[in-house]
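Peer 1: Could you have a look at this structure, given as structure tokens, before my questions?
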Amino acid sequence: MRIHTQGSVWRYIRGAITYPPLDPPICDPHDGALLADGSFLNNVPGSSWRYVRASMSLSGYLPPLCDPYDGSLLLDGGYTNNLPADVMVCFGAKTIFASDVGAAVETELTNYGDHLSGWYLLYNRYFRIGTPVLRVSIQINLF
122 MRIHTQGSVW RYIRGAITYP PLDPPICDPH DGALLADGSF LNNVPGSSWR YVRASMSLSG
182 YLPPLCDPYD GSLLLDGGYT NNLPADVMVC FGAKTIFASD VGAAVETELT NYGDHLSGWY
242 LLYNRYFRIG TPVLRVSIQI NLF
């Protein structure tokens, strides 16, 4: 069974009805459930609910789902491919209208050394001493 976690519901339905011996592969391995080590899992055996639930796993809200077959931790595929236009091309789309509304990744991070106090952040929030602390989202810089 082939599950696609980076798109709309029709990909789940299309993935559920794919019979691998008769159908050619739907796409190359740029789609699939994202594993916690940053790789993709494309051909997934078993129940589809497990991989649909894994596609909803965001690191701050729902924990990763453990795959019972190999023990991998599954997360949402949007961590590495937030705008899967390349996957749409693999499906045969000729014209793609895509809008990437994600924020740009902040690459100029502040070096706080080995220790960062929460009291310093709270004090700096109200009294603004020096430059403001860069609080980059964990979701953006996870992978």
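So the mapping is simple: the numbering used here equals the position in the sequence shown, first residue as 1, plus 121. Cβ coordinates follow ideal geometry from the N, Cα and C atoms, glycine included.
So, using beta-carbon positions, are Leu-195 and Ser-220 closer together than 8 Å?
Peer 2: Contact flag unset, no.
Peer 1: Go through its chain and collect everything with a Cβ distance to Pro-189's Cβ below 6 Å, but skip five positions before and after it.
Peer 2: Closer than 6 Å at the Cβ level, and outside the excluded window around Pro-189, lies no residue.
Peer 1: For a quick check, are the C-beta atoms of Ser-197 and Ser-168 less than 8 Å apart?
Peer 2: Residue identity differs from the one stated: residue 197 is Asp in this sequence, not Ser. No, these two residues do not count as a Cβ contact at 8 Å.
Peer 1: Answer with buried or exposed for Leu-183, where buried requires no fewer than 16 other C-beta atoms within 10 angstroms of its C-beta.
Peer 2: Classification for Leu-183: exposed.
Peer 1: Quick check: the Cα distance between Met-209 and Ile-217, rounded to an integer number of angstroms?
Peer 2: For Met-209 and Ile-217, the distance between alpha carbons rounds to 8 Å.
Peer 1: When DSSP labels each residue in this structure, what does Met-177 get in the three-state scheme?
Peer 2: Coil.
Peer 1: Could you give the residue range of the alpha helix (DSSP H) that holds Asn-203?
Peer 2: From DSSP, Asn-203 is part of no alpha helix (DSSP H); its letter is neither H nor E.
Peer 1: Spatial neighbours of Ala-206 within its chain, please: C-beta separation below 8 Å, excluding the five flanking residues on both sides.
Peer 2: Cβ within range, chain order: Ile-217, Ala-219.
Peer 1: Just reading off the alpha helix (DSSP H) that Arg-246 is part of, what are its end residues?
Peer 2: Here the alpha helix (DSSP H) through Arg-246 covers 239-248.
Peer 1: I'd like the list of long-range same chain contacts for Gly-239, defined as Cβ closer than 7 Å, with 5 residues on each side in sequence excluded.
Peer 2: The answer is none, since no qualifying residue turns up.
Peer 1: How many angstroms separate the CA atom of Pro-146 from the CA atom of Val-222?
Peer 2: Unreliable placement is indicated for Pro-146, whose pLDDT of 40 sits below 50; the coordinate value is still reported in the next sentence. Straight-line Cα distance between these residues: approximately 30 Å.
Peer 1: Could you compute how far the alpha carbon of Trp-170 sits from the alpha carbon of Tyr-241?
Peer 2: Distance between the alpha carbons of Trp-170 and Tyr-241 is about 44 Å.
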